[in-house]
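Novice:
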Amino acid sequence: MKRLALVALVGLVLAGCGKSDIDRAREAVAAQLKDPASAQFRNERVVGDDRTVCGEVNGRNSAGGYAGFTSYAALRKDDGSYMALLESDGQKVIVSSTCK
44 MKRLALVALV
54 GLVLAGCGKS
64 DIDRAREAVA
74 AQLKDPASAQ
84 FRNERVVGDD
94 RTVCGEVNGR
104 NSAGGYAGFT
114 SYAALRKDDG
124 SYMALLESDG
134 QKVIVSSTCK
């Protein structure tokens, strides 16, 4: 009986080990940067029933310095992946209206 309880507990723990919405959104946002590994995130939150992720990202530019934080909205697609829109890429109106 103890063994069955242990197996059930391990199953529950492993079921919760998938990537969160914020983790998947971070991957999509970082992919838009010149140096994805340099991405720094802050003020992240999930908004709305559609699980949109809003926040700010900073990353290194071509000269190797950090460009400064810019707002982003990561929109969830039907397959659970995210499409990132960055304010610095001319998407200011969409980002600000999505992330009110």
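Last residue of the sequence shown: number 143 in our numbering, and the count goes up by one each step with no gaps.
We treat Cβ as the ideally placed atom computed from N, Cα and C, and that holds for glycine.
None of the values given here were measured: they were computed from a predicted structure.
1) Rounded to the nearest angstrom, what separates residue 93 and residue 119 at their Cα positions?
2) Could you check what DSSP says for residue 114 in three-state terms: helix, strand or coil?
3) In the DSSP assignment, find the alpha helix (DSSP H) that holds residue 71 and state where it starts and stops.
4) Report buried or exposed for residue 105, applying the criterion of at least 16 other Cβ atoms within 10 angstroms of its Cβ.
5) So, with DSSP's three-state summary, where would you put residue 80?
6) Apart from the five residues on each side of it in sequence, which residues of its chain come closer than 6 angstroms, Cβ to Cβ, to residue 87?
Specialist: If we stick to the structure as given:
1) For this step, residue 93 is matched to residue 50 along the sequence shown. For this step, residue 119 is matched to residue 76 along the sequence shown. Each residue's Cα considered, the two are about 7 angstroms apart.
2) Along the sequence shown, one-based indexing puts residue 114 at 71. Looking at residue 114 - three-state DSSP - the assignment turns out to be strand.
3) Reading the sequence shown from its first residue, position 28 is the one you call residue 71. Counting along the chain, the alpha helix (DSSP H) containing residue 71 begins and ends at 64 to 73.
4) Locating residue 105 in the sequence shown gives position 62, where the first residue counts as 1. With fewer than 16 other Cβ atoms within 10 Å, it is exposed.
5) Residue numbering aside, residue 80 sits at position 37 when the sequence shown is read from its first letter. Note: residue 80 maps to helix in three-state DSSP.
6) Walking along the sequence shown from the start, residue 87 turns up at place 44. Cβ within range, chain order: 65 and 98.
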